[in-house]
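Novice: Residue numbers (my numbering): 19 to 700. Beta carbons are placed, not taken as given, at the ideal position from N, Cα and C, and that holds for glycine. Predicted model only: the values in this text are computed from it and were never measured. This is the structure, below, for whatever I ask next.
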């Protein structure tokens with residue numbers, strides 16, 4: 019029987035993410051956390067394609083995390099009660115940044131994993147900034163301490179310099195590289211020794227160890243006291259700071275974002291996993307430690323603490339399709355969600371009903387009857403769910419901030435090898451777009467081809483591979499064609515278009531005179547200035563249709579824009595004139611006028627906002643210039659620069675990949691169509 023009050027129960031929960039640069043060891047660490055907590059009884063390795071959280075076929079084949087996966091675990095440090103942990107293992111590749119973004123949107127804390135060999139890597143910086151933007155408290159875990167070239171101190175330095183963080187090293191590694199065997203715990207005044215099988219033996223400091231390590235413990239106390247008034251007062255008054263006091267002060271500082279507790283270990287060798295689990299409970303927030311969520315009710319902001327008895331407010335933050343159907347992941351911020359509940363939805367006027375509610379363990383689900391504030395669960399069976407929708411009680415509809423997806427930057431053409439696959443391709447694309455807000459599908463208005471938009475080449479490769487494996491379709495991909503346009507260079511007047519077929523049977527006769535002039539605004543307009551009924555109104559409409567049809571393809575083979583066509587005069591025949599004749603005459607007049615006016619090729623120009631470290635600005639600008647681009651402005655703030663520029667779309671093939679390579683993955687870019695300009699000659 020549960021004797022805890024709802025507030026106490028919530029305080030025993032930890033919702034956390036594992037975030038890092040690709041290959042820093044996130045998934046391996048998650049696997050060891052599950053093993054140490056007894057949730058799994060056999061360790062699966064990433065390189066063998068057997069990790070619990072990398073359960074999709076593509077993840078196992080590629081050996082990388084593609085989708086954020088949720089797992090549950092339980093841990094009780096020292097003599098404390100058992101805590102319930104919900105962990106989300108997130109991808110490390112920048113192409114799947116949406117998975118990190120929406121995970122951090124709903125999580126209470128995170129463990130940032132760094133390689134002791136590689137230090138603070140580019141994507142580490144990106145996910146760190148994402149976490150800070152969401153105000154998520156962090157713990158740092160320096161992994162791979164057993165590898166050649168490992169350096170705990172170097173990572174601490176890079177945390178300060180690259181991430182502008184205040185790291186609090188909670189201990190000192192015993193040995194390094196192949197000699198890495200333990201951890202001096204400065205908080206608990208003890209030393210942990212690990213064996214090669216992941217076993218741990220902790221002992222209190224001996225007199226010699228105390229003499230050696232107490233100065234470093236005092237330095238830690240002084241560093242934490244700089245950010246905590248309670249500890250500072252006790253320290254200044256000369257009190258002996260016990261373990262509980264120091265632990266409480268570190269927790270307060272970590273929750274406030276004033277400092278980052280740092281630990282070290284080797285996930286692959288199962289070293290440091292238990293100390294990290296203790297730190298998760300000790301220093302990461304429970305739902306009650308986080309600020310009350312802000313929701314909008316009838317246009318007014320209301321603050322909702324995590325109260326199971328409060329009004330229901332939940333955010334649907336992720337959708338996946340697994341063997342047992344569509345899974346809609348939900349974070350409950352306030353109130354209680356029960357099986358059978360009718361819900362109001364911010365995206366569907368008719369609302370929703372909860373038929374099945376489950377806890378998720380990677381690719382497994384376990385039915386539950388209800389979820390309360392602070393829970394992360396999933397609802398089965400919602401086929402039309404939308405990522406970012408708010409769920410609330412019909413009697414009190416609420417609206418939470420939605421999830422912001424980054425703008426897709428790269429597109430491929432996609433065609434079916436067999437016409438019989440078209441329906442399945444359409445269904446597959448709809449499913450993938452529902453799961454991933456950063457993946458977009460559209461039809462090219464000019465070519466009629468299907469375009470798939472994503473965050474990069476790997477992102478699109480994975481989506482195409484999923485279509486092939488999960489939907490069993492054969493498809494071809496290619497780069498999208500650039501949609502050029504053309505416009506007249508000069509005005510021409512009284513150009514004739516004439517159709518005259520009057521020999522034998524029903525004839526065809528129409529004559530029109532038009533003026534054609536460029537327009538700077540890019541619009542296409544048709545004006546009738548005939549007088550005296552030279553051309554009847556019905557035939558004028560036919561002329562306009564013929565004119566617009568002819569403007570669909572100019573002398574250079576592209577749509578004509580930025581033009582005004584004026585019908586100034588014409589002739590009809592009592593018997594032989596018809597709509598068809600005037601349609602053709604209008605078309606012929608435009609073709610002749612464009613030939614006289616000469617046309618200029620226009621190309622789409624993209625506005626590009628590039629976010630890069632200040633030290634890479636020269637390389638970024640040089641690359642933009644080589645692509646016939648131009649820089650409009652450069653703003654520098656806290657070591658990060660934003661470069662605003664413009665470049666022809668035709669010169670931006672592979673730009674995202676090139677930019678990342680140029681800046682070692684530290685830069686990102688957003689682009690949108692700025693307009694059309696005269697095409698540059700090579």
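(1) So, does the region 48-56 touch the region 274-292, judging by three or more C-beta pairs under 8 Å?
(2) Who are residue 496's beta bridge partners in DSSP?
(3) Cα separation between residue 240 and residue 179?
(4) I'd like the span of the alpha helix (DSSP H) that includes residue 613, first residue to last.
(5) Apply the 10 Å Cβ neighbour rule to residue 485 and answer buried if 16 or more other Cβ atoms are within range, or exposed otherwise.
(6) Helix, strand or coil for residue 346 per DSSP?
(7) So for residue 620, helix, strand or coil by DSSP?
(8) Taking the alpha helix (DSSP H) that residue 176 belongs to, which residues open and close that run?
(9) First and last residue of the beta strand (DSSP E) that includes residue 161?
(10) Need the endpoints of the beta strand (DSSP E) that residue 263 sits in, please.
(11) Whose C-beta lies closer than 7 Å to the C-beta of residue 478 among residues of the same chain, with five residues either side of it excluded?
(12) So, for residue 701: in the same chain, excluding its five sequence neighbours on each side, which residues have a beta-carbon less than 6 Å away from its beta-carbon?
(13) Are the CB atoms of residue 418 and residue 313 within a distance shorter than 7 Å?
(14) Report the residue from 124, 402, 97 whose alpha carbon sits nearest the alpha carbon of residue 324.
(15) Using a Cβ-Cβ distance cut-off of 7 Å, determine whether residue 27 contacts chain D.
(16) When we look at the beta-carbon of residue 368 and count the other beta-carbons within 10 Å, is it buried (16 or more) or exposed?
(17) Short check: CB of residue 47 to CB of residue 131, under 7 Å?
(18) Where are the alpha helix (DSSP H) runs, 4 residues long or more, that stay fully inside the region 514-577, in chain order?
(19) If I follow the unbroken alpha helix (DSSP H) through residue 225, where does it start and stop?
(20) Looking at the unbroken beta strand (DSSP E) that takes in residue 363, where does it start and where does it end?
(21) For a test of the three-state rule: what should DSSP assign to residue 31, helix, strand or coil?
(22) Which two residues bound the contiguous beta strand (DSSP E) that contains residue 410?
(23) Using C-beta distances below 6 Å, list every residue in its chain close to residue 562, excluding the 5 sequence neighbours before and after it, in chain order.
(24) So, is residue 77 buried or exposed, given that buried needs 16 or more other C-beta atoms within 10 angstroms?
(25) Taking Cβ to Cβ, would you say residue 565 is nearer than 7 Å to residue 608?
(26) Candidates 631, 639, 509, 647: which alpha carbon is nearest residue 612's?
(27) Find the nearest neighbour of residue 495 within the set 432, 236, 444, 317, judged by alpha-carbon distance.
(28) So, are the CB atoms of residue 28 and residue 392 less than 7 Å apart?
(29) Hey, residue 638 and residue 664: beta-carbon distance below 7 Å or not?
(30) Assuming contact is defined by CB atoms lying nearer than 7 Å, are residue 172 and residue 137 in contact in what I supplied?
(31) Could you give the first and the last residue of the continuous beta strand (DSSP E) run that contains residue 443?
(32) How many whole angstroms separate the CB atoms of residue 120 and residue 302, which I take to be in contact at a CB cut-off of 8 Å?
(33) Take residue 343 and list the residues in its own chain whose beta-carbon comes closer than 7 Å to its own, dropping the five residues that flank it on each side.
(34) For a test of the three-state rule: what should DSSP assign to residue 93, helix, strand or coil?
(35) Between residue 616 and the rest of its own chain, which residues show a CB-CB distance below 6 Å, the 5 nearest in sequence each way excluded?
(36) My output table needs one value for residue 340: the three-state DSSP class, helix, strand or coil.
Specialist: By the coordinates alone:
(1) yes
(2) 431
(3) 21 Å
(4) 597-615
(5) buried
(6) strand
(7) strand
(8) 170-181
(9) 156-161
(10) No beta strand (DSSP E) contains residue 263, which is instead part of the alpha helix (DSSP H) from 261-274.
(11) 428, 430, 470, 472
(12) An answer regarding residue 701 cannot be provided, because it is not within the stretch 19 to 700 covered by the chain.
(13) yes
(14) 124
(15) The chain labelled as chain D is not found in the depicted structure, where only one protein chain is given.
(16) exposed
(17) yes
(18) 555-568
(19) 225-243
(20) 360-363
(21) strand
(22) 408-410
(23) 544
(24) Any reading at residue 77 must be qualified, since the residue scores a pLDDT of 43, below 50, and its modelled position is unreliable; the value itself is stated next. So residue 77 ends up on the buried side.
(25) yes
(26) 509
(27) 432
(28) yes
(29) no
(30) yes
(31) Residue 443 -> not in any beta strand (DSSP E); alpha helix (DSSP H) instead, spanning 440-453.
(32) Not quite, the Cβ-Cβ distance comes to about 19 Å (not below 8 Å), so this is no contact.
(33) 398, 399
(34) strand
(35) 507
(36) strand
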